[in-house]
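Enquirer:
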Amino acid sequence: MLDKIIHYCSTALVFCVIFTAVGCASQAPPDLTVENLKYQQLPSGARIVSGELLNKSSQAVPNAQLQLSLFDDNNILVSSMIIVVRDIPAGDRTEFREPVNAEGDVKAARVKSVLVL
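Using this note's numbering, you'd call the opening residue of the sequence shown number 1001 and step up by one each time.
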């Protein structure tokens, strides 16, 4: 009896792996790149991160999440932030601009990750 259960579970697992591989093979993940990332503190004191998200793929991306690391003038990590960019057309770019609401003396921002939502 145990042998039959193991056989059925093994067969089901093989089918799951095959169907997952077939389903994933036809769609490569979009190739997204952050360009022209800029951190600036405006004369009013407002802190802004801006840039462009370039979609090098042939498929539009409805939503992407950028995770940024924020550093002080000694290049020490002081905080992080998340930006959601919407409607990135295939083969095109979408601009973003977000206020920095982090504590600490932020002087620079770097991309930590880009995730398609």
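Note that the Cβ used here is the ideal one computed from N, Cα and C, for glycine as well. Since we're looking at a predicted model, the values are computed, not measured.
Since Glu1103 sits in a beta bridge, which residues does DSSP pair it with?
Expert: Glu1103 pairs with nothing; no bridge assigned.
Enquirer: Can you tell me whether Ala1064 is buried or exposed? The criterion is at least 16 other CB atoms within 10 Å of its CB, across all chains shown.
Expert: With 16 or more other Cβ atoms within 10 Å, it is buried.
Enquirer: Which whole-angstrom value describes the C-beta separation of Glu1103 and Val1049, a residue pair presumed to lie in contact below a C-beta threshold of 8 Å?
Expert: Incorrect: roughly 15 Å between the Cβ atoms, too far for contact.
Enquirer: Taking the alpha-carbon positions, what's the Leu1054 to Thr1094 distance?
Expert: The straight-line gap from Cα to Cα measures roughly 7 Å.
Enquirer: Looking only at its chain, what residues have a beta carbon closer than 6 Å to the beta carbon of Ser1069, apart from the 5 residues adjacent to it on each side?
Expert: Cβ neighbours of Ser1069 beyond the five flanking positions: Leu1077, Ser1080, Arg1110, Lys1112.
Enquirer: Suppose the cutoff is 6 Å on Cβ atoms and the five residues either side in sequence are ignored; what does the same chain contact list for Asp1073 look like?
Expert: Excluding residues within five positions, the ones whose Cβ falls inside 6 Å are Lys1107.
Enquirer: Which parts of the region 1030-1085 are runs of the beta strand (DSSP E), unbroken and 3 residues or longer, counting only runs that do not cross its ends?
Expert: For the region 1030-1085, whole beta strand (DSSP E) runs of length 3 or above, ordered along the chain, are 1032-1041, 1047-1055, 1061-1071.
Enquirer: Taking Cβ positions, are Asn1075 and Gly1051 nearer each other than 7 Å?
Expert: The answer is no: Cβ separation not under 7 Å.
Enquirer: Is Asp1092 helix, strand or coil by DSSP?
Expert: Asp1092 falls in the coil class under three-state DSSP.
Enquirer: In whole angstroms, give me the CA-to-CA distance for Gln1067 and Ile1083.
Expert: Distance between the alpha carbons of Gln1067 and Ile1083 is about 7 Å.
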